[in-house]
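This report refers to the structure that appears directly beneath it.
Numbering (the numbering used here), first residue to last: 499 to 786.
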């Protein structure tokens, strides 16, 4: 199986590329970047991670990093698509090393209580009003003209596509207000001494019931949510300021520094200091 590398396509700081392509059949392949594909003409069977979808003009979809993917045209005309390829740190430097589209929804530019909804990679979307196509064409124009601020403009337009897409999911989702309350509580209080028992008393539910509810509906425990939200804020502050690592950790609710460093390395693959040195230096224009 072919593995496409970022250097073959990317132009903007090796993190983003957008172009129109004409395809007949495309063999199975995978790549180490995200792909947003929009069908502008033709009809094809798109196979993503073993699942088949029929796509035609006006359809678009988003693929995770390292997803397997192929096209097989159905109609006599070739398939024409706009391909938007990007690394996660193009949207937000704090998202470096993330591999799933759902991870992108934690980014600074895309915050809309999406954590409890289905992820975009599970859908083929229909651009009913042409807004997504218009944004992609604008992004393509910005990339070609390279006028002042074009990188920021493209970043904002890509974020807008995700927000429009998640609105569509939100309109169909039946999100539990209880799970939403739990996550909102954590996001508003992550810097303090969060105790699940206190939350249960506040919401007037038993601990076993709330524990089962959030695990069932989000796939993560209360403790995992606390860790996730605290680490997300730590990553952002590591790349957007010069505060000491210990200060950032404590401000985000971590009291035990050994626990913080162990958890950070487990989740991110590197230490907080390595994270700051590697990614703040390599991204002179971070989206944070």
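The C-beta atom is built at its ideal place from N, Cα and C for all residues, glycine as well.
In the structure shown, residue 758 falls within a helical segment according to DSSP collapsed to helix, strand and coil. Here residue 719 carries a coil assignment [DSSP, helix/strand/coil].
The segment 624 to 631 makes no contact with the segment 679 to 694, as fewer than three CB pairs between them are under 8 Å. Under a 10 Å Cβ-count criterion, residue 536 is classified as buried, with 16 or more other Cβ atoms of the shown protein chains found around its own Cβ.
Taking each of 706, 589, 762, 712 in turn and checking the Cα distance to residue 683, the smallest one comes out for 712. Contact annotation: residue 727 and residue 685 have beta-carbon atoms nearer than 7 Å. Put simply, the backbone Cα of residue 576 is about 52 Å away from that of residue 759. In the DSSP assignment, residue 683 forms no beta bridge with any residue.
7 Å or more divides the Cβ of residue 733 from the Cβ of residue 746. Per DSSP, residue 523 is not a residue of any alpha helix (DSSP H); the beta strand (DSSP E) it occupies stretches across 523 to 529.
For residue 533, the uninterrupted beta strand (DSSP E) run begins and ends at 532 to 539, by DSSP.
Residue pairing by DSSP puts residue 581 in a beta bridge opposite 517, 535. Counting along the chain, residue 694 sits inside the alpha helix (DSSP H) bounded by residues 694 to 701. When rounded, the separation of the alpha-carbon atoms in residue 578 and residue 534 is 14 Å.
Per the coordinates, the alpha-carbon of residue 561 lies some 10 Å from the alpha-carbon of residue 621. At least 7 Å separates the beta-carbon of residue 526 from that of residue 565. When rounded, the separation of the alpha-carbon atoms in residue 523 and residue 714 is 40 Å. The beta carbon of residue 532 sits closer than 8 Å to the beta carbons of 560, 561, 562, 563, 583, 584, 585, 586, 599, 602 from its chain, once the five residues preceding and following it are set aside; these are given in chain order.
Here the C-alpha atom of residue 698 lies approximately 9 Å from the C-alpha atom of residue 709. In the structure shown, residue 744 adopts helical secondary structure according to DSSP, grouped into three states.
Sequence-distant Cβ neighbours of residue 689 in its own chain, meaning closer than 7 Å and more than five residues away, are 749, 750, 751. For residue 588, the enclosing alpha helix (DSSP H) begins and ends at 586 to 589. Judged by DSSP secondary structure, residue 637 falls within the alpha helix (DSSP H) whose first and last residues are 629 to 643. Rounded to the nearest angstrom, the gap between the Cα atoms of residue 730 and residue 590 is 11 Å.
Annotation: residue 657 to residue 635 spans about 15 Å, alpha carbon to alpha carbon.
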